[in-house]
Every structure is written in structure tokens, then in C-alpha cells.
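S.K.: Pasting in a structure now, in C-alpha cells, and then I'll have a few things to ask.
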Amino acid sequence: MLPKSSGEGVLKLNLNESRWGCSPGVLEVLKNARSQDVCEYPQYDKLVNRIASLRGVSPDRIIVGNGEDDLIHCLAETFLEPGDTVVHASPTYPMFPIMSRMKQACVVEVPYGQDLGFPLEKMISVVRDGARMAVIVNPANPTGGSLGRESIVSVFEACRKDTVLVLDEAYFHFAGVSHLDLTEKFPNLIVLNTFSKAYGLAGMRLGYAVSSQANICEMQKTILPITVNSMAVSAGIAAIDDEPFLSRVVRETLTEKKILISELSSFGIRALDTDTNFLLVEFGPAADKVHQGLKDEGVLVRDVGKWSQLKGFLRITVGLREDSERLIAALKKIV
Ligand SMILES: Cc1ncc(COP(=O)(O)O)c(C=O)c1O
Numbered sequence: 162m163l164p165k166s167s168g169e170g171v172l173k174l175n176l177n178e179s180r181w182g183c184s185p186g187v188l189e190v191l192k193n194a195r196s197q198d199v200c201e202y203p204q205y206d207k208l209v210n211r212i213a214s215l216r217g218v219s220p221d222r223i224i225v226g227n228g229e230d231d232l233i234h235c236l237a238e239t240f241l242e243p244g245d246t247v248v249h250a251s252p253t254y255p256m257f258p259i260m261s262r263m264k265q266a267c268v269v270e271v272p273y274g275q276d277l278g279f280p281l282e283k284m285i286s287v288v289r290d291g292a293r294m295a296v297i298v299n300p301a302n303p304t305g306g307s308l309g310r311e312s313i314v315s316v317f318e319a320c321r322k323d324t325v326l327v328l329d330e331a332y333f334h335f336a337g338v339s340h341l342d343l344t345e346k347f348p349n350l351i352v353l354n355t356f357s358k359a360y361g362l363a364g365m366r367l368g369y370a371v372s373s374q375a376n377i378c379e380m381q382k383t384i385l386p387i388t389v390n391s392m393a394v395s396a397g398i399a400a401i402d403d404e405p406f407l408s409r410v411v412r413e414t415l416t417e418k419k420i421l422i423s424e425l426s427s428f429g430i431r432a433l434d435t436d437t438n439f440l441l442v443e444f445g446p447a448a449d450k451v452h453q454g455l456k457d458e459g460v461l462v463r464d465v466g467k468w469s470q471l472k473g474f475l476r477i478t479v480g481l482r483e484d485s486e487r488l489i490a491a492l493k494k495i496v
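Remember, the numbering used here sits 161 above the position in the sequence shown when you count from 1.
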């Protein structure tokens, strides 16, 4: 009998982790770790410099964190006071409302349309009224779509000068476009990124933020001084150094996503394409049964039906060919 939650034999398609693993170069540096790497406190300069040259910004405009979540926490600690307003489209990545509420901020959730269209006009009108922080996740999770650059700019331009702008680009590799350069135009913009998705380092916990020197300096004051460990530092550098691996993961994810969409559609299941490494798959009233049935088959997917726009949908991470085959085989048994 297969285990029902996690563990050996379970196929995890519920957290948008990479099924391609990480670069062999990452495993190599981990295997070759020296005693010194373990007993000494980590140094961040080499990693920060490497990210700086990769992203074309100066090192003093970068802060690294123990996963992006650490940086979202740091953003809330640094910029929010009780009663401040935080605005985001809803549904969104839950750490934004969670961390904001931890700081007793007032969270304004602007709902996506029932057609999953981004609520651009409403978002603009809410931020015009004044907000301490405005968050855009692009490409979005769990909805999966992207906003065009003009739309992003129109939200930011509608914000007051003292609004902290946050652009979470956790999935940008799969969309093939980043708007990091907008940090030049908007000094109050903080762009977040993670090594958990395309780089396949979710277990290492590594993320970074890029903003103006002034914002990074403020964030340095609130983040724990040594938050990223030495192994994650080495892994991050090795991951950046293996560009061919990253390109292959992205290319194969996109190819597999297309194949999976068409396979699902061939037996009458609609999957919404996204700009990420997951799909939104529609099962209608059977969604709960399918979710549970897949779990019983050892395939974990994410139930997103609690949001009205996603009622009847399951969010499924795109995996390897054999993962899709196992998923389809399990679905054939259930549906
Ligand atoms: C939009 C978004 N931001 C951030 C994260 C978390 O990143 P990390 O693993 O670096 O904390 C996720 C994880 O699923 C995500 O979907």
C-alpha cells in the first residue's frame, strides 16, 4: 500500500518544486564540503557578487535570505507598522497576507475576476487611496498568469511615493521575462526571487531581493544577521554557474507542460496554461474526489478550490515525463 502523505513512493506535484532536481554541480560542491565550510560562519560576498553580475545590479542592491519566505518576513518587519495597508490581488502566495497580518497590517485583497483576469482597474483605484505596501506576484501563484509590463507599471505609477512596491518573480524563469530593471525607475520597488523553483534548490532555502541601496540597507537592519547557511551559499553559486542545466529545466518543463495539457484534453479534462511550472486543472464538482483519489494513489496535488475563482480546480506541478504518465494513469482510475 502506498504511503498517503509524503515519503518514499509519493509523487509530490503539490508544491511546485522542481522534479528535475538540481545541477550536478550543486551536488558536487555539497559532497566536497570541507570541515572549514561547516565550522565557520558563512560569508555572503561571493554569492552576492555572483547574483549581482547575473542580474546586472551592484552588490549593495542585493540581500539574500533563507528562502524567499525569509525575505517576505523581512519586508513585513522592515516596512510595516500595525494598521498599515497592504494591497494584493487575491488569491495570491499566502505568505504575503500571513506576514502582513503578523505585523497587524490591514490586508486589502483585491479579487481576481471569475475568469482569472487580473483586477487591474480595482488594484489601481485601491493603491491610489494610499497603501504602505503593494504586492504583485508575477507570474502569479496560484493563478499562474502574467501581467504585461505596462500593467505592472500602471499599478506602480498609481501608488503614492511612500508605498513600498513588491514584485515577486519566483517563477520568472518559466515566463522568460523579468522586470527587475524597473527597480531603476522605481526606487521603492523590491524584486524578490528564489532558488526553489527553476534552480531546484527548495531544500537548501535560498532567495534574494533586489532594490535601491537605501531599502536593502533598511532590510539588513531587521533580517537575522546570519540567515543563509554555508551550504546554501555554495549551492547557490554552483547553481548560477550551471546555466545549461537551468535552460534545460526550463525548456523541458515548458515542453512537458504542453504535452500534459494535450493529454489531459484528449480525455476531456481542461488544463489552463500558465507562465509557471504548474497547471490549473479543472475537475468541477469532482475536484475533491480527484484530489483524494490521487492522494490514495500516492500522487499529491494542491487543492485550490477554497478560492471562488478556482473552485473545481486542482493545481498540479509539471513534472518529468514519467511523472505525467503516473499522474494520467492515476487519473484514468479515478475519473
Ligand atoms: C510566488 C512564490 N513566492 C515565494 C515562494 C517561496 O519561495 P522560497 O521557497 O524561496 O521560500 C513560493 C513558493 O511556492 C511562491 O510560489
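Built from N, CA and C at the ideal position, the CB exists for glycine as well.
Which first and last residues belong to the beta strand (DSSP E) in which Phe499 is found?
M.R.: In this structure the chain extends from 162 to 496, so residue 499 is not present and cannot be described.
S.K.: Could you tell me the distance, in whole angstroms, from the CA atom of Lys322 to the CA atom of Pro348?
M.R.: Taking the straight line from one Cα to the other gives about 9 Å.
S.K.: Quick check on Pro405: does DSSP put it in helix, strand or coil?
M.R.: Note: Pro405 maps to helix in three-state DSSP.
S.K.: Anything with a beta carbon under 6 Å from a heavy atom of ligand 1 counts; list them all in chain order.
M.R.: After applying the 6 Å Cβ criterion, the set is Asn177, Gly228, Glu229, Asp230, Tyr254, Val298, Asn302, Asp329, Ala331, Thr355, Ser357, Ala363 and Gly368.
S.K.: Buried or exposed: Val442, going by 16 or more other Cβ atoms within 10 Å of its Cβ?
M.R.: Val442 comes out buried.
S.K.: Residues bridged to Lys173 by DSSP?
M.R.: BP columns for Lys173 point to Leu461.
S.K.: Does the region 386 to 396 come close enough to the region 237 to 246 to have 3 or more Cβ pairs within less than 8 Å?
M.R.: No: the two stretches stay apart, fewer than three of their Cβ pairs being nearer than 8 Å.
S.K.: Cα separation between Leu232 and Lys494?
M.R.: So the two alpha carbons sit approximately 42 Å from each other.
S.K.: On a CA-only basis, which of Val460, Ala399 and Glu458 is nearest Gly186? Give me that one, please.
M.R.: Looking at the Cα atoms, Ala399 is the closest of the given residues.
S.K.: Just how far apart, CA to CA, sit Ile422 and Ile489?
M.R.: Rounded to whole angstroms, Ile422 to Ile489 spans 11 Å at the Cα level.
S.K.: Are the CB atoms of Met284 and Val316 nearer to each other than 8 Å?
M.R.: Yes, the pair counts as a contact, with Cβ atoms nearer than the cut-off.
S.K.: Quick test of the definition: if touching needs 3 or more C-beta pairs under 8 Å, does the region 460 to 477 touch the region 432 to 450?
M.R.: Touching, yes, given that three or more Cβ pairs across the two stretches are closer than 8 Å.
S.K.: Excluding sequence positions up to five away, which residues of its chain have a Cβ less than 8 Å from the Cβ of Glu417?
M.R.: Val479, Gly480, Leu481, Arg482 and Ser485, listed in sequence order.
S.K.: Suppose you measure from the CA of Arg409 to the CA of Gly429; what does that come to, to the nearest Å?
M.R.: Those two C-alpha atoms are separated by around 30 Å.
S.K.: Are Ala363 and Glu229 close, meaning C-beta to C-beta below 8 Å?
M.R.: Contact: no.
S.K.: Compute the Euclidean distance between the alpha carbons of Glu413 and Glu189, then round it to the nearest angstrom.
M.R.: So the alpha carbons of these two residues sit roughly 23 Å apart.
S.K.: What residue range is occupied by the uninterrupted beta strand (DSSP E) comprising Ala250?
M.R.: It spans Thr246 to Ser251 - the beta strand (DSSP E) in which Ala250 sits, taken as one unbroken run.
S.K.: How about Pro303 and Tyr332: are their beta carbons less than 8 Å apart?
M.R.: No, the pair does not count as a contact, with Cβ atoms beyond the cut-off.
S.K.: Out of Gly445, Asn354, Ser469 and Val451, which has the shortest C-alpha to C-alpha gap to Ile223?
M.R.: Minimum Cα distance to Ile223 is reached at Asn354.
S.K.: Looking only at DSSP bridge pairs, what is Arg431 linked to?
M.R.: Answer by DSSP bridge pairing, in chain order: Glu443.
S.K.: Have a look at Phe240, Ser251, Gly454 and Gln204 and flag the residue whose alpha-carbon is nearest the alpha-carbon of Lys382.
M.R.: Comparing Cα-Cα distances from Lys382 to each of Phe240, Ser251, Gly454 and Gln204, the minimum goes to Phe240.
S.K.: Could you give the DSSP three-state label for Arg412: helix, strand or coil?
M.R.: It is helical.
S.K.: Give me, in chain order, the residues of the same chain whose beta-carbon lies closer than 6 Å to that of Asp221; leave out the 5 immediate sequence neighbours on both sides.
M.R.: Gln374, listed in sequence order.
S.K.: Once DSSP output is grouped into helix, strand and coil, what is the label at Gly305?
M.R.: It is coil, neither helix nor strand.
S.K.: Residues bridged to Arg476 by DSSP?
M.R.: Looking at the DSSP assignment, Arg476 forms a beta bridge with Leu441 and Arg463.
S.K.: Our contact map puts Arg262 next to Val268 with C-beta atoms below 8 Å; I'd like the distance itself, whole angstroms only.
M.R.: Indeed they touch by this definition, with Cβ atoms about 6 Å apart.
S.K.: At which residue ranges does the region 192 to 249 contain complete beta strand (DSSP E) runs of 3 or more residues, listed in the order of the chain?
M.R.: Counting only runs of 3 or more, we get 223 to 226.
S.K.: Look up Ile297 in the DSSP assignment and give the residues it is bridged to.
M.R.: For Ile297, which the question treats as bridged, DSSP gives the partners Leu328.
S.K.: Short check: CB of Val563 to CB of Val371, under 8 Å?
M.R.: Residue 563 is absent from the model: the chain starts at 162 and stops at 496.
S.K.: Quick one: what does DSSP say Met162 is sitting in, helix, strand or coil?
M.R.: Because the pLDDT at Met162 is just 41, under 50, the model does not fix this residue reliably, and the point stays unresolved.
S.K.: From Ser469 to Ala213, what distance separates their C-alpha atoms?
M.R.: C-alpha separation (whole angstroms): 40 Å.
S.K.: With 16 as the cutoff for other CB atoms within 10 Å, does Ile351 come out buried or exposed?
M.R.: Buried, since its Cβ has 16 or more Cβ neighbours within 10 Å.
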